[in-house]
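>
Residue numbers (this note's numbering), protein chains in the order written: chain A, 1 to 201; chain B, 1001 to 1201.
(1) Here's the rule: buried if 16 or more other CB atoms are within 10 angstroms of the residue's CB, otherwise exposed. What is residue 1001 of chain B?
(2) Residue range of the beta strand (DSSP E) that residue 72 of chain A falls in?
(3) What are the uninterrupted segments assigned as beta strand (DSSP E) that are 3 or more residues long and contained completely in the stretch 14–45 of chain A, given in chain order?
(4) What residues of chain A sit near residue 1008 of chain B, judged by a beta carbon separation below 7 Å?
(5) Shortest alpha-carbon distance to residue 1169 of chain B belongs to which of A:200, A:171, A:128?
(6) May I ask you to report which of helix, strand or coil DSSP gives residue 1188 of chain B?
(7) To the nearest angstrom, how far is it from the Cα of residue 192 of chain A to the Cα of residue 184 of chain A?
(8) Could you pull the start and end residues of the alpha helix (DSSP H) that residue 1154 of chain B belongs to?
(9) For the pair the stretch 34–45 of chain A and the stretch 149–169 of chain A, tell me if three or more CB-CB distances fall below 8 Å.
(10) Output, in chain order, the set of chain A residues within a Cβ distance shorter than 7 Å of residue 1110 of chain B.
(11) So which residues of chain A does residue 1201 of chain B contact, with C-beta pairs closer than 7 Å?
(12) Give me the Cα-Cα distance between residue 1029 of chain B and residue 1110 of chain B, rounded to the nearest whole angstrom.
(13) Output, in chain order, the set of chain A residues within a Cβ distance shorter than 7 Å of residue 1187 of chain B.
(14) Of all the CB atoms in chain A, is at least one closer than 8 Å to the CB of residue 1122 of chain B?
(15) Could you pull out every residue in the same chain whose Cβ sits closer than 8 Å to the Cβ of residue 1049 of chain B, ignoring the five residues on either side in sequence?
(16) Counting contacts by CB-CB distance shorter than 8 Å, is residue 95 of chain A in contact with chain B?
(17) Give me, in chain order, the residues of the same chain whose beta-carbon lies closer than 8 Å to that of residue 1051 of chain B; leave out the 5 immediate sequence neighbours on both sides.
(18) Looking at C-beta atoms only, is the number of pairs between the stretch 1001–1013 of chain B and the stretch 1118–1133 of chain B that lie closer than 8 Å three or more?
(19) Under the rule that 16 or more other beta-carbon atoms within 10 Å means buried, what is residue 1058 of chain B, buried or exposed?
(20) Does residue 1 of chain A come out as helix, strand or coil in the three-state DSSP assignment?
(21) Please report the straight-line C-alpha distance between residue 65 of chain A and residue 38 of chain A, rounded to a whole angstrom.
(22) On the DSSP letters alone, give me the boundaries of the beta strand (DSSP E) that residue 99 of chain A sits inside.
(23) Could you tell me whether the Cβ atoms of residue 1182 of chain B and residue 1166 of chain B are closer together than 8 Å?
(24) Skipping 5 residues on each side, what residues in its chain have a beta carbon closer than 7 Å to that of residue 1135 of chain B?
(25) Could you give the distance in angstroms between the alpha-carbon of residue 1088 of chain B and the alpha-carbon of residue 1175 of chain B?
(26) So, is residue 97 of chain A buried or exposed, given that buried needs 16 or more other C-beta atoms within 10 angstroms?
(27) Is residue 130 of chain A buried or exposed, if buried means 16 or more other CB atoms sit within 10 Å of its CB?
(28) Mapping DSSP to helix, strand and coil, what is residue 1128 of chain B?
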């Protein structure tokens, strides 16, 4: 039997740069699987079913909630988003490590449903820098930036339940940190013991 | 307050190459401290007090045992060896990570005395390869090699209590594995949380 993969959950305050870090990590580690979310919003031009999102109807989304098919989900006024459990579990069962990028609330749910998931929290080097990055995106109003900053402070205050904390100051350092976490987790005795023993003839 | 360092304990069956792996690791990471053992044997030419060993009298060694000054020790007919706790704890208190290379029995003692130590077990890629390496050294009799092989099989059977298992097939891979473990352990939330929170102004 091949060993089961590890589920890595990455969360961060908005603006920290988690998507960039994970994109870079996946580029270097094609063996890592990326968990695709389901959403009720319509596909944008160029977005592919099963690659960018699983596009589902609001009815199907509700059904998935009822049937407990999500590892976590969130419903907003504009659209709903969720992580279907089946593709993640199938990949893990086949021995593939998976990366899931989600909000802190969703991460807590994953932790409850899959206690062996490894939770990584990415933080900015400072709140000043986070504000600078948020303003640099130029996509948010002053009010939205203030709301994001307030949320960031709350999230950082609550990051105690995570397994690892990575500071995203220099991108390459943060990517190397997450790489080291993935590599080290694969060496954990509770994961590798039987495989190593079995291979040691 | 600076954060406390982490104590990494490396064990391996004789012939696996743990000294080479750790030497390479220390060469790349001068910030890591290496724990120096105390011994009752006489210094060999070139060996320096406090660098290679702390050279102590049998009386002093017995006194250190009585005063509980060792993290672990082992007494052989030829000489005794032990890890004095004070230099290790002082280094850890100053925030320095420390590496301790010791036998499995000693590692168990360290685990009991310092439950937050991180135990790394290094294994050969196969028992055939271990035997080949032992013979390659050309320093042991056939009887000694057989005894070492028997001990290696027992040790591998008992490695379950370790935190990480690293296979020393290619040296550079094994060193990178231990590097990843050290790096990841520094990112553990239970170690870094307060420092990160304190730094996030």
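Don't be surprised by glycine CBs; every beta carbon is placed ideally from N, CA and C.
On the basis of the supplied data:
(1) Along the second chain, one-based indexing puts residue 1001 of chain B at 1. In this predicted model, residue 1001 of chain B has a pLDDT of only 49, less than 50, meaning its place in the structure is not dependable; the value taken from the coordinates is given anyway. Classification for residue 1001 of chain B: exposed.
(2) Mapped onto the first chain, residue 72 of chain A falls at position 72. That run of the beta strand (DSSP E) goes 70–75.
(3) The beta strand (DSSP E) runs lying completely inside the stretch 14–45 of chain A and spanning 3 residues or more are 37–39, given in chain order.
(4) Working through the second chain from its first residue, we reach residue 1008 of chain B at position 8. Residues of chain A with a Cβ closer than 7 Å to the Cβ of residue 1008 of chain B do not exist; the shortest Cβ-Cβ separation is about 12 Å.
(5) On the second chain, residue 1169 of chain B is found 169 positions in, with the first residue counted as 1. Answer by Cα proximity: A:200.
(6) Your numbering for residue 1188 of chain B matches position 188 in the second chain. Looking at residue 1188 of chain B - three-state DSSP - the assignment turns out to be strand.
(7) Sequence index remark: in the first chain, residue 192 of chain A carries index 192 (1-based). Sequence index remark: in the first chain, residue 184 of chain A carries index 184 (1-based). Roughly 11 Å between the two C-alpha positions.
(8) What you label residue 1154 of chain B is simply residue 154 of the second chain in a count that begins at 1. Where residue 1154 of chain B is concerned, the enclosing alpha helix (DSSP H) starts and stops at 1142–1157.
(9) Touching, no.
(10) Within the second chain, numbered from 1, the residue matching residue 1110 of chain B stands at position 110. Per Cβ cutoff of 7 Å: no residues; residue 1110 of chain B is ~16 Å from chain A at best.
(11) By one-based count along the second chain, residue 1201 of chain B stands at place 201. Contacts between residue 1201 of chain B and chain A, judged by CB atoms closer than 7 Å, involve 126, 127 in chain order.
(12) Indexing the second chain from 1 puts residue 1029 of chain B at position 29. Indexing the second chain from 1 puts residue 1110 of chain B at position 110. Going by the C-alpha atoms only, they are around 23 Å apart.
(13) Locating residue 1187 of chain B in the second chain gives position 187, counting from the first residue. Simply 164, 165, 166, 177, 181.
(14) Sequence index remark: in the second chain, residue 1122 of chain B carries index 122 (1-based). Not closer than 8 Å to any Cβ of chain A, the Cβ of residue 1122 of chain B fails to qualify, so no.
(15) Within the second chain, numbered from 1, the residue matching residue 1049 of chain B stands at position 49. 1043, 1055, listed in sequence order.
(16) Stepping through the first chain from its first residue, residue 95 of chain A is reached at position 95. No, because no Cβ of chain B sits closer than 8 Å to the Cβ of residue 95 of chain A.
(17) Indexing the second chain from 1 puts residue 1051 of chain B at position 51. Correct list, in chain order: 1036.
(18) Cβ pair count under 8 Å is three or more, so yes.
(19) Here residue 1058 of chain B corresponds to residue number 58 of the second chain, with the count starting at 1. Burial call: exposed.
(20) Here residue 1 of chain A refers to the residue found at position 1 when the first chain is read from its first residue. Residue confidence is low: residue 1 of chain A scores 49 on pLDDT, short of 50, so the model does not pin down where it sits. Its coordinate-derived value is still stated next. Per DSSP, reduced to three states, the secondary structure at residue 1 of chain A is coil, with no helix or strand assignment.
(21) Start at 1 with the first residue of the first chain, and residue 65 of chain A comes out as number 65. Start at 1 with the first residue of the first chain, and residue 38 of chain A comes out as number 38. Those two C-alpha atoms are separated by around 11 Å.
(22) Within the first chain, residue 99 of chain A is the residue found at index 99, counting from 1. Following the DSSP letters along the chain, one finds residue 99 of chain A inside the beta strand (DSSP E) bounded by residues 98–101.
(23) In the second chain, the residue the question calls residue 1182 of chain B occupies position 182. In the second chain, the residue the question calls residue 1166 of chain B occupies position 166. Between residue 1182 of chain B and residue 1166 of chain B, the gap from beta carbon to beta carbon reaches 8 Å or more.
(24) Within the second chain, numbered from 1, the residue matching residue 1135 of chain B stands at position 135. Excluding sequence neighbours, residue 1135 of chain B sits near 1145.
(25) Within the second chain, residue 1088 of chain B is the residue found at index 88, counting from 1. Within the second chain, residue 1175 of chain B is the residue found at index 175, counting from 1. Rounded to whole angstroms, residue 1088 of chain B to residue 1175 of chain B spans 22 Å at the Cα level.
(26) Along the first chain, read from residue 1 onward, the residue named residue 97 of chain A stands at position 97. Classification of residue 97 of chain A: buried, given that the 10 Å Cβ count is 16 or more.
(27) Here residue 130 of chain A corresponds to residue number 130 of the first chain, with the count starting at 1. Residue 130 of chain A comes out buried.
(28) Along the second chain, read from residue 1 onward, the residue named residue 1128 of chain B stands at position 128. Here residue 1128 of chain B sits in helix by DSSP.
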